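Residue numbers 47 to 401, in this note's numbering, belong to the letters of the sequence shown in order. Have a look at the structure below before the remarks.
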Amino acid sequence: SSYSTAHSAVRLHAYHHGSSSLETYQENQMKAISYLSVALFTAAVEVKSAFVQQHFSSKRFCRVTGPWIDVKNGSRRYVHAAGKNEVINSTEAIGMPNVIGSSASSRPINPSSQWGNPIPEGLQNFNKASIGFVKNALFDTIFKNESDDRQRDYARFYALETIARVPYFSYMSVLHLFETLGWWRRAKYLKIHFAESWNELHHLLIMEELGGDKLFSDRMIAQHVAVFYYFFVCMAYATNPTFAYNINQAVEEHAFETYDKFIQEYGEELAQIPAPKVAQDYYRDGDLYMFDEMHTSNSCEPSRRRPTCDTLLDVFRNIRDDEAEHVITMQHLQKTEIDISSVNSVDEETCVVFE
Numbered sequence: 047s048s049y050s051t052a053h054s055a056v057r058l059h060a061y062h063h064g065s066s067s068l069e070t071y072q073e074n075q076m077k078a079i080s081y082l083s084v085a086l087f088t089a090a091v092e093v094k095s096a097f098v099q100q101h102f103s104s105k106r107f108c109r110v111t112g113p114w115i116d117v118k119n120g121s122r123r124y125v126h127a128a129g130k131n132e133v134i135n136s137t138e139a140i141g142m143p144n145v146i147g148s149s150a151s152s153r154p155i156n157p158s159s160q161w162g163n164p165i166p167e168g169l170q171n172f173n174k175a176s177i178g179f180v181k182n183a184l185f186d187t188i189f190k191n192e193s194d195d196r197q198r199d200y201a202r203f204y205a206l207e208t209i210a211r212v213p214y215f216s217y218m219s220v221l222h223l224f225e226t227l228g229w230w231r232r233a234k235y236l237k238i239h240f241a242e243s244w245n246e247l248h249h250l251l252i253m254e255e256l257g258g259d260k261l262f263s264d265r266m267i268a269q270h271v272a273v274f275y276y277f278f279v280c281m282a283y284a285t286n287p288t289f290a291y292n293i294n295q296a297v298e299e300h301a302f303e304t305y306d307k308f309i310q311e312y313g314e315e316l317a318q319i320p321a322p323k324v325a326q327d328y329y330r331d332g333d334l335y336m337f338d339e340m341h342t343s344n345s346c347e348p349s350r351r352r353p354t355c356d357t358l359l360d361v362f363r364n365i366r367d368d369e370a371e372h373v374i375t376m377q378h379l380q381k382t383e384i385d386i387s388s389v390n391s392v393d394e395e396t397c398v399v400f401e
């Protein structure tokens, strides 16, 4: 409607003041550009207002200053938001006894509870089947290994890791956008997703050191799929983060299965090969802060992973276990009643988690 109004104004102006002279034509063009600029700005404001009304009007904004209380549930950690001395005594509020925090119905605490919607089991099964079909029909066919050389396997893993990083970039892009527009801000999710992308980056660096990126055709396929996947996940995450997290859960589950199968088939051979230096630096010898940051599934007394990294078998076991951690994080993030934090954010003595 804003565009139509501006367009009509331009036509009316041209009708009353039109001229064949160059000066008048240029003046009319400048005025037309001004009208259209105002129209585009007005339309953008209307779109923003409609989006905010649709996704955020019925939910409270959550700009939390802490503290955060860690609650044990078996071997996994669920972190609940605690307001000023708020204590939930009712176990029905979030389905957990003696929890200090606030219920999801009164205080959105993660992207899924803020602007996401639960997805039915049928769609979850469809997502998993679709990811499996793409993996089997595309990557397992293109990168099929018909010899005893492991290079085609490394090329396949290179392509998978190039694409596996993409969802975390998409999550951060949307979270940055929403924060810039003032719609939602939780810096901890930017931090966690960056740590996850950092983890996938080192998987990629390992595959490059093993020679997985030697062929131009392999790089081209992986990079083009990654670009398409980036924009797809951005749109999915902006509209329903629960759906986006579920898709990535399916991706990471297939990644876990792929590496586990590879280890079972070639474990003895891999055990004879030294670990690449980039793997040793990331898993053992370097600064392990970012490695710890991507772990969100430990207990209140976190037992930090300190994996061995002497052989290539150790490396692939570590990568496989990383994929399992990503699966757990994606599962947690689809739930609207819980919040997560990395092990670096947990005070092991007080169980308080700082934002």
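Quick reminder that beta carbons are idealized off the backbone N, C-alpha and C, glycines included. From a predicted model like this one, the values you see are computed outputs, not experimental measurements.
Setting aside the 5 residues that flank it on each side, residue 157 is surrounded in the same chain by 287, each with a C-beta closer than 6 Å to its C-beta; the list follows chain order. Within the same chain, Cβ atoms closer than 8 Å to the Cβ of residue 322 are found at 252, 255, 256, 358, 361, the five residues on either side in sequence being excluded. Counting C-beta pairs closer than 8 Å gives fewer than three between the stretch 306-320 and the stretch 210-228, which falls short of the contact rule.
Residues of the same chain with a CB within less than 6 Å of the CB of residue 291, apart from the 5 flanking positions on each side, are 376, 379, 380 in chain order.
Residues of the same chain with their beta carbon placed closer than 8 Å to that of residue 310 are lacking, with the five preceding and five following residues left out of the count. Assigned with DSSP and collapsed to three states, residue 357 falls in strand. Apart from sequence neighbours up to five positions away, the residues of its chain that approach residue 364 with a beta-carbon distance below 8 Å are 325, 329, 353, 355, ordered along the chain. Boundaries of the alpha helix (DSSP H) harbouring residue 169: 167-180, taken from the DSSP string.
Contact annotation: residue 275 and residue 209 have beta-carbon atoms nearer than 9 Å.
Note that the stretch 173-190 does not touch the stretch 231-244; fewer than 3 beta-carbon pairs, one per stretch, sit closer than 8 Å.
In the DSSP assignment, residue 163 falls outside any alpha helix (DSSP H), carrying neither H nor E. The three-state reading of DSSP puts residue 320 in strand, counting E and B together.
In this chain, the alpha helix (DSSP H) harbouring residue 251 covers 233-255.
Annotation for residue 162: 286, 287, 288 place their beta carbon closer than 6 Å to its own, counting only its chain and skipping 5 residues before and after.
Residue 331 and residue 155 do not touch by the CB rule: their CB atoms are close to 37 Å apart, not below 8 Å. The residue among 388, 268, 280 with its C-alpha nearest the C-alpha of residue 207 is 268. Setting aside the 5 residues that flank it on each side, residue 205 is surrounded in the same chain by 185, 189, 264, 267, 268, each with a C-beta closer than 7 Å to its C-beta; the list follows chain order. In this structure, DSSP gives residue 199 a helical state, which the three-state scheme calls helix. Annotation: residue 193 is outside any alpha helix (DSSP H) and is labelled neither H nor E by DSSP. Residue 301 is positioned such that its CB atom lies closer than 9 Å to that of residue 372. CA-to-CA, the gap between residue 228 and residue 303 works out to about 40 Å.
Residue 236 and residue 218 have their alpha carbons spaced roughly 6 Å apart.
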